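First the structure, in the form of structure tokens, and then the observations on it.
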């Protein structure tokens, strides 16, 4: 058995070396979930979750424990990922948004390297002039990935010996949680995050969510199977991202760590050592420059991200000192008229500025049946009242020690010993905002001007 493993490893190394000698460019593949909290994957510590494909993948390359995105919503996150630019800089910072005309995306950047660039699945990026995909196939009517199109795209590129960059974007586990088998999970015994109001409805809903996480894991397994089918696993760099946190309170639509902290893993055979783990701060904005460096080309225009290649090759241990994020409720379904949030984090602390703390924070969830149950519970339960009040009514600034409080429950901003931390992080946050052209509240009020209006006159994709 040991001899067989050694032979397999030698064959793999030989194949990689031969590809390099031929000048073959590696394929670039990225899979992203939708509204999946990073800590709800088994490889990130969830004891109830069933994610065997993702867990196996986590052992085949590098697993980042401090991966972040710039916004806790679908559309600005995807623009950020696919342009390598900050949300305000592209104009794509509210939800259901669009980038400024003339913005360059991964498609234009990769063209000089001869790549075919495709997106199959959920898009949420506009306009088409900024994202001129060689192939775009939306989700099916049942909101599933069209894997027949994935297969045919890979087959065509392989037959033409043409490198490809493929984004496979799932819609799971976005609500409604109606895929997968919730019976795999016991509502009585599952472990809930501490900021959930623990009532039967929460536990039932969380089981449905975990079922859809399991379903998404199957999709990722199918994608990896396609690469195996065409013998491309050793010729492809594969990235897995979980996107923002789930749509329950304190995650999606917030800049708490549960909102913008993401599962972030990369497999690059022959370069990244298996079972590597890194606590370097990495961001979605770093994907574009990373893919470009792997492809052997420079960006066609300046970008904000920083290539991960030295980190992936093991040449450095650190990447960034800070990660930045923003959120606007302006323009989201059932959102507050305005409630802007800006945040910065380093490895130890998360600092949050709420631009209009006098307003009540609202989103789709606060107007949904589950949160109404939480509010009902809060009438007789002090813990439930504290949790619901904390979610909707926030101070000007918040500070959390992530080493001791990863769920951001204990605001330590008012403690005098943290004054120097607040001054340092506030300075870093303001400098980032200036660099992006983010003017705070005035930028918030302009958000609706940046939403995409489709051919039917409605906001968002058709």
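In my numbering, the protein residues as written are 473 to 934. Where a beta carbon is used, it is the ideal one built from N, C-alpha and C, also for glycine. Note that the coordinates shown come from a computational prediction; the quantities given were computed from them, not determined experimentally.
Residue i versus residue j: straight-line alpha-carbon distance, rounded
i, j, result
"residue 775", "residue 557", "6 angstroms"
"residue 690", "residue 717", "19 angstroms"
"residue 510", "residue 713", "9 angstroms"
"residue 848", "residue 677", "17 angstroms"
"residue 661", "residue 570", "43 angstroms"
"residue 639", "residue 877", "34 angstroms"
"residue 919", "residue 903", "21 angstroms"
"residue 573", "residue 854", "51 angstroms"
"residue 844", "residue 584", "53 angstroms"
"residue 789", "residue 501", "24 angstroms"
"residue 520", "residue 634", "41 angstroms"
"residue 540", "residue 732", "6 angstroms"
"residue 626", "residue 702", "8 angstroms"
"residue 797", "residue 522", "29 angstroms"
"residue 708", "residue 888", "51 angstroms"
"residue 695", "residue 649", "22 angstroms"
Test item: CB-CB of residue i and residue j under 9 angstroms
i, j, result
"residue 535", "residue 749", "yes"
"residue 813", "residue 871", "no"
"residue 667", "residue 851", "no"
"residue 799", "residue 543", "yes"
"residue 645", "residue 506", "yes"
"residue 698", "residue 623", "yes"
"residue 735", "residue 516", "yes"
"residue 786", "residue 759", "no"
"residue 593", "residue 643", "yes"
"residue 588", "residue 546", "no"
"residue 739", "residue 929", "no"
"residue 579", "residue 559", "no"
"residue 621", "residue 607", "yes"
"residue 795", "residue 538", "yes"
"residue 715", "residue 832", "no"
"residue 767", "residue 791", "no"
"residue 529", "residue 763", "no"
For residue i, the residue or residues it bridges with in DSSP
i, result
"residue 617", "Paired residue(s): none; residue 617 is not in a bridge."
"residue 869", "825"
"residue 535", "737, 749"
"residue 608", "591"
"residue 931", "925"
"residue 754", "539"
"residue 503", "640, 712"
Proximity winner among the options, relative to residue i (alpha-carbon distances)
i, options, result
"residue 499", "590, 553, 827, 845", "590"
"residue 723", "497, 512, 496", "512"
"residue 671", "856, 924, 876", "856"
"residue 567", "908, 804, 637, 687", "804"
"residue 565", "909, 625, 708, 519", "909"
"residue 868", "898, 839, 860", "898"
"residue 663", "608, 647, 682, 650", "682"
"residue 842", "928, 549, 669", "669"
"residue 726", "815, 767, 914", "815"
"residue 860", "885, 873, 875, 834", "834"
"residue 647", "836, 884, 810", "836"
"residue 912", "784, 586, 802, 926", "802"
"residue 777", "555, 531, 514, 538", "555"
"residue 807", "782, 838, 828", "838"
"residue 820", "761, 827, 793, 809", "793"
"residue 602", "581, 705, 586", "581"
"residue 675", "822, 846, 772, 729", "846"
"residue 524", "810, 686, 609, 747", "686"
"residue 637", "704, 784, 527", "704"
"residue 935", "518, 503, 531, 576", "Given a span of 473 to 934 for the chain in the structure shown, any question on residue 935 remains unanswerable."
Secondary structure of residue i, DSSP reduced to three states
i, result
"residue 722", "coil"
"residue 570", "coil"
"residue 860", "helix"
"residue 552", "helix"
"residue 894", "helix"
"residue 810", "coil"
"residue 514", "helix"
"residue 791", "coil"
"residue 784", "helix"
"residue 714", "coil"
"residue 880", "coil"
"residue 743", "coil"
"residue 521", "coil"
"residue 817", "strand"
"residue 493", "Residue placement at residue 493 is poorly supported in this model, since its pLDDT is 36, which falls under 50; the coordinates still yield a value, given next. If DSSP states are grouped into helix, strand and coil, residue 493 belongs with the helices."
"residue 694", "helix"
"residue 798", "strand"
"residue 677", "helix"
"residue 662", "coil"
"residue 850", "helix"
Proximity test, Cβ basis, 9 angstroms: residue i and chain B
i, result
"residue 577", "No chain B appears in the structure shown, which is made up of a single protein chain."
Closer than 8 angstroms: residue i CB and nearest the ligand SAH heavy atom
i, result
"residue 774", "Because no ligand of any kind appears in the structure shown, any question about the ligand SAH cannot be addressed here."
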